[in-house]
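A short worksheet on the structure shown next.
In our numbering, the protein residues as written are 52 to 330.
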């Protein structure tokens, strides 16, 4: 009997790993199938229902996502992930939304850079709740100059907000001078939106003009948690934060997904619901 229970635990663990790997690759339809198979074997698996809800959200099947999260609350009435995602879903239509193209999430490694080239900024004059509800940490942000302001859009051209001054004004001028930038959402919640921006190309005419001037504050040490960089903490001094804020653990991963590194599959713990916390 103990052997059978151990076998079931291994099956559950490996299936969970597969579901997470598919989500990290944005293979949401396959992720749905794997999570459904887990639920068939383990009908009270809250984590599988949370992953299923996330997969349905990514596929634009909001009614099915609501059903998955509602099931989570049946099993665990205090589950914060389900509550937060149901709140997001309340702003979206029940009818299926066609997803025209794959969502692009940005690797944190792209933002490891030399001082002055990378910063974290806030957005103001935010877009509609319906648009913001579709966004998550790690999603790509497109930056465009409008007059003397810098606006942030998602990859579908939907308006997210204005990059706060004076950073927006400075970056807009540098972009008009030929610089190019990449962006990604760091955090998004009821308190606002934070975006990480990195200079990807500096025009010769802009040499000597840093995108993010280093603070004159003596002893200021920008900090990015090791988990965000997934093993690249040795380079963490390369990120210049515009504000003295920390990026919470796992913020650039899709909601609820994490990867255990350096742990043999047979020793890997089951995914805890804390990995599904809404950013």
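Every residue gets a Cβ at the ideal spot worked out from N, C-alpha and C, and that includes glycine.
Endpoints, beta strand (DSSP E) assigned at residue i
{"i": "residue 247", "result": "243-252"}
{"i": "residue 238", "result": "231-240"}
Sequence-distant residues of its chain with Cβ nearer than 6 Å to residue i (five each side left out)
{"i": "residue 142", "result": "180, 181 and 184"}
{"i": "residue 231", "result": "251 and 252"}
{"i": "residue 55", "result": "none"}
{"i": "residue 81", "result": "73"}
{"i": "residue 83", "result": "106"}
{"i": "residue 68", "result": "none"}
{"i": "residue 296", "result": "Interpretation of residue 296 is limited by its pLDDT of 34, a score under 50 that renders its predicted location unreliable; the figure taken from the coordinates is listed afterwards. Closer than 6 Å at Cβ, skipping near neighbours: no residue."}
Cβ-based neighbour list, residue i, same chain, cut-off 7 Å, excluding 5 preceding and 5 following
{"i": "residue 66", "result": "85, 88 and 89"}
{"i": "residue 152", "result": "Only weak support is given to the placement of residue 152: the predicted model assigns it a pLDDT of 47, under 50, and the question is left unresolved by the model."}
{"i": "residue 294", "result": "With a pLDDT of 42 at residue 294, under the threshold of 50, the predicted position of this residue should be treated as unreliable, though the coordinate-derived value follows. Closer than 7 Å at Cβ, skipping near neighbours: 171."}
{"i": "residue 130", "result": "97, 123, 124 and 324"}
{"i": "residue 264", "result": "167"}
{"i": "residue 229", "result": "254, 256 and 257"}
Boundaries (first-last residue) of the alpha helix (DSSP H) holding residue i
{"i": "residue 78", "result": "Segment: none, residue 78 is in no alpha helix (DSSP H) and carries neither H nor E."}
{"i": "residue 98", "result": "97-109"}
{"i": "residue 259", "result": "Here residue 259 belongs to no alpha helix (DSSP H), and DSSP marks it neither H nor E."}
{"i": "residue 114", "result": "113-126"}
{"i": "residue 184", "result": "First-last for residue 184: undefined, no H or E at that position."}
{"i": "residue 228", "result": "Element bounds for residue 228: n/a, residue is neither H nor E."}
{"i": "residue 136", "result": "131-140"}
Residues sharing a beta bridge with residue i, DSSP
{"i": "residue 196", "result": "201"}
{"i": "residue 171", "result": "247"}
{"i": "residue 5", "result": "Because the chain is modelled from 52 through 330, residue 5 falls outside the range shown and cannot be assessed."}
Residue-chain proximity (residue i, chain D), Cβ-Cβ < 8 Å
{"i": "residue 176", "result": "Looking for chain D here will not work: only one protein chain is present."}
Spatial neighbours of residue i in its chain, beta-carbon cut-off 8 Å, leaving aside the 5 residues before and after
{"i": "residue 215", "result": "172, 173, 174 and 175"}
{"i": "residue 213", "result": "174, 175, 176, 200, 201, 202, 203 and 219"}
{"i": "residue 316", "result": "Here the model assigns residue 316 a pLDDT of 37, short of 50, so the residue's position is not dependable, and the following value carries that caveat. 64, 65 and 68."}
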